[in-house]
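Visitor:
Protein chains in written order, with this note's numbering: chain P, 1181 to 1293; chain L, 30 to 142.
(1) Less than 8 Å between the beta carbons of residue 134 of chain L and residue 1286 of chain P, yes or no?
(2) Could you check the C-alpha separation between residue 1254 of chain P and residue 1213 of chain P for me, to the nearest Å?
(3) For a contact defined as C-beta to C-beta under 7 Å, what are the partners of residue 1199 of chain P on chain L?
(4) Taking only beta carbons into account, state which residues of the stretch 56-75 of chain L come closer than 9 Å to chain P, listed in chain order.
(5) Looking at the ligand FMN, does it come within less than 7 Å of residue 61 of chain L, judged from the CB to the closest heavy atom?
(6) Can you find a CB in chain L that lies within less than 8 Å of the CB of residue 1254 of chain P?
(7) Cα separation between residue 1 of chain L and residue 113 of chain L?
(8) Here's the rule: buried if 16 or more other CB atoms are within 10 angstroms of the residue's CB, otherwise exposed. What is residue 93 of chain L?
(9) Can we say the stretch 1186-1206 of chain P touches the stretch 1229-1241 of chain P, given the rule of at least three CB pairs closer than 8 Å?
(10) Tell me the DSSP secondary structure of residue 88 of chain L in three-state form.
(11) Tell me the rounded alpha-carbon separation between residue 1215 of chain P and residue 98 of chain L.
(12) Classify residue 1264 of chain P as helix, strand or coil using the three-state DSSP reduction.
(13) Go ahead and label residue 1292 of chain P buried or exposed: buried means 16 or more other beta carbons lie within 10 angstroms of its beta carbon, across all protein chains shown.
(14) Which of helix, strand or coil does DSSP assign to residue 1281 of chain P?
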């Protein structure tokens, strides 16, 4: 039972344009959401997070939007840069459940010059 | 320089053999985790520990064992009972509390000979 789903395995975007990565979840108990970026043969690095009391969080070129009624979150990268090419994972957790993150399958972003 | 160190980077297992993956952190984090990544799939939780001398099973604990004798160390043993051990293994750590962001090591690729 996949509680966190990223339905697009890959996304290709031109440099300078917007990248939008999507994530859906099924468990209404999730109240904390994170995005991680991962390069091949390396560990994921934290990118940005949002708690369920907010619907938007911004950090530089990265913005995460949360739509609780639709159980959907998205990561916007503007403008996209070639160095953003990586696999992006969304993850969700229930607060105070021991940091047990549930990860989506990942979306591979390719930003072309 | 604080961080999480996983070793070895690559590991090969023979049929019927137990192997142990090392994970050490000097971030003074309370909680530590082991995840497994298979191609095209998200990260799945194997075991986690929120405090020394205590650990809990994750979603896919069968065929694995852990110990947490020191705060800094959380080794994972892949036993012969794990019939499909080939995967990329990631160790992570975090503070317990309001922000449950995980910090990941660089991973160990385990393959079966």
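In this text, a Cβ means the ideal position worked out from N, Cα and C, and glycines have one as well.
Guide: So, from the listed chains and residues:
(1) The residue you call residue 134 of chain L lines up with position 105 of the second chain. The residue you call residue 1286 of chain P lines up with position 106 of the first chain. Contact check for residue 134 of chain L against residue 1286 of chain P fails: the beta carbons are separated by 8 Å or more.
(2) Reading the first chain from its first residue, position 74 is the one you call residue 1254 of chain P. Reading the first chain from its first residue, position 33 is the one you call residue 1213 of chain P. The C-alpha of residue 1254 of chain P lies about 10 Å from the C-alpha of residue 1213 of chain P.
(3) By one-based count along the first chain, residue 1199 of chain P stands at place 19. Taking a Cβ-Cβ threshold of 7 Å, none of the residues of chain L is close to residue 1199 of chain P; the smallest such distance is about 19 Å.
(4) Taking 9 Å as the upper bound on Cβ-Cβ separation, chain P lies near residues 60, 62, 64, 66, 69, 70, 71, 72, 73 and 74 of the stretch 56-75 of chain L.
(5) As for the ligand FMN, it is missing from this structure, which has no ligand bound.
(6) As a working note, residue 1254 of chain P is residue 74 in the first chain. At a cut-off of 8 Å between beta-carbon atoms, residue 1254 of chain P makes no contact with chain L.
(7) No answer is possible for residue 1 of chain L: the residues shown for chain L start at 30 and end at 142.
(8) For the purposes of this step, residue 93 of chain L is taken as the residue at position 64 of the second chain. Residue 93 of chain L is buried by the Cβ-count criterion.
(9) Contact annotation: the stretch 1186-1206 of chain P does not touch the stretch 1229-1241 of chain P, with fewer than three C-beta pairs closer than 8 Å.
(10) Walking along the second chain from the start, residue 88 of chain L turns up at place 59. Looking at residue 88 of chain L - three-state DSSP - the assignment turns out to be coil, as it is neither helix nor strand.
(11) On the first chain, position 35 is the one that residue 1215 of chain P refers to. On the second chain, position 69 is the one that residue 98 of chain L refers to. Going from the Cα of residue 1215 of chain P to the Cα of residue 98 of chain L covers about 31 Å.
(12) Mapped onto the first chain, residue 1264 of chain P falls at position 84. Reduced to three states, the DSSP call for residue 1264 of chain P is helix.
(13) As a working mapping, residue 1292 of chain P is identified with position 112 in the first chain. Taking all protein chains shown into account, residue 1292 of chain P has fewer than 16 neighbouring C-beta atoms within 10 Å of its C-beta and is therefore exposed.
(14) Counting from one through the first chain, the residue named residue 1281 of chain P turns up at place 101. Residue state, collapsed to three classes: coil.
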